[in-house]
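**Student:**
In our numbering, the protein residues as written are 61 to 211.
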């Protein structure tokens, strides 16, 4: 039986090894028109340790810059607020998803197509890094019930 490249990449990105207490599942980036210069990245991050883990930086060699954001409701308007740290609770998990915490990726260096793989590097407090492969997915779309986001 043959497995497509996209499926293999998805399986690789679905369950990352527990490295320094983090297990990362289902890392995806929704596909977008090539003219879009900002992309979101979503995943589930589990902490297998008895202490909180603080993610202090995100980067990708395929994007000019990356940031941690949280969508919040302020004065009846949803806004994306840049976060300096993302805390993954001890023996818990955090879901990066539309309408909550997520990663913002700015200025892709090359066009991305569904099925492409993007490397994300998460840095935790103390300087250790975690590489994650996120799959560019055609079928993922934002929750259309949420109002337009503002920075």
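Using N, Cα and C, we set each Cβ at its ideal position, and we do this for glycine too. Computed from a prediction, not measured in an experiment: that's the story for all the values here.
When you compare each of 130, 171, 147 and 87 to residue 139 by their alpha carbons, which one comes out closest?
**Tutor:** Nearest option by C-alpha distance: 130.
**Student:** Put residue 160 into one of helix, strand or coil per three-state DSSP.
**Tutor:** DSSP places residue 160 in coil when its eight states are reduced to three.
**Student:** Rounded to whole angstroms, what is the Cα-Cα separation between residue 154 and residue 105?
**Tutor:** Taking the straight line joining both Cα atoms gives about 5 Å.
**Student:** For the beta strand (DSSP E) containing residue 149, name the first residue and the last one.
**Tutor:** No beta strand (DSSP E) contains residue 149, which DSSP labels as neither H nor E.
**Student:** Assign residue 212 to one of three DSSP states: helix, strand, or coil.
**Tutor:** In this structure the chain extends from 61 to 211, so residue 212 is not present and cannot be described.
**Student:** Just how far apart, CA to CA, sit residue 90 and residue 169?
**Tutor:** Roughly 16 Å separates the two Cα atoms.
**Student:** What is the C-beta distance between residue 184 and residue 116, in whole angstroms, given that I count them as a contact (C-beta under 8 Å)?
**Tutor:** With a Cβ gap of about 7 Å, residue 184 and residue 116 count as contacting.
**Student:** Tell me the rounded alpha-carbon separation between residue 164 and residue 157.
**Tutor:** Looking at the two C-alpha atoms, the distance is approximately 11 Å.
**Student:** Can you check whether the CB of residue 133 is closer than 8 Å to the CB of residue 113?
**Tutor:** No; because the gap between Cβ atoms is not below 8 Å, this pair is not in contact.
**Student:** Rounded to the nearest angstrom, what separates residue 107 and residue 127 at their Cα positions?
**Tutor:** Approximately 20 Å, taken between the alpha carbons.
**Student:** Would you mind sorting residue 186 into buried or exposed? The rule is 16 or more other CB atoms within 10 Å of its CB.
**Tutor:** Exposed is the call here.
**Student:** In or out: residue 196 buried (at least 16 other Cβ within 10 Å) or exposed?
**Tutor:** Buried, because 16 or more other Cβ atoms sit within 10 Å of the Cβ of residue 196.
**Student:** By the three-class DSSP mapping on this structure, what secondary structure does residue 136 have?
**Tutor:** Here residue 136 sits in coil by DSSP.
**Student:** Using CA coordinates, which residue listed in 102, 119 and 110 is at the minimum distance from residue 149?
**Tutor:** Nearest option by C-alpha distance: 110.
**Student:** With DSSP as the reference, label residue 104 as helix, strand or coil.
**Tutor:** Looking at residue 104 - three-state DSSP - the assignment turns out to be strand.
**Student:** Just reading off the beta strand (DSSP E) that residue 197 is part of, what are its end residues?
**Tutor:** It spans 189-197 - the beta strand (DSSP E) in which residue 197 sits, taken as one unbroken run.
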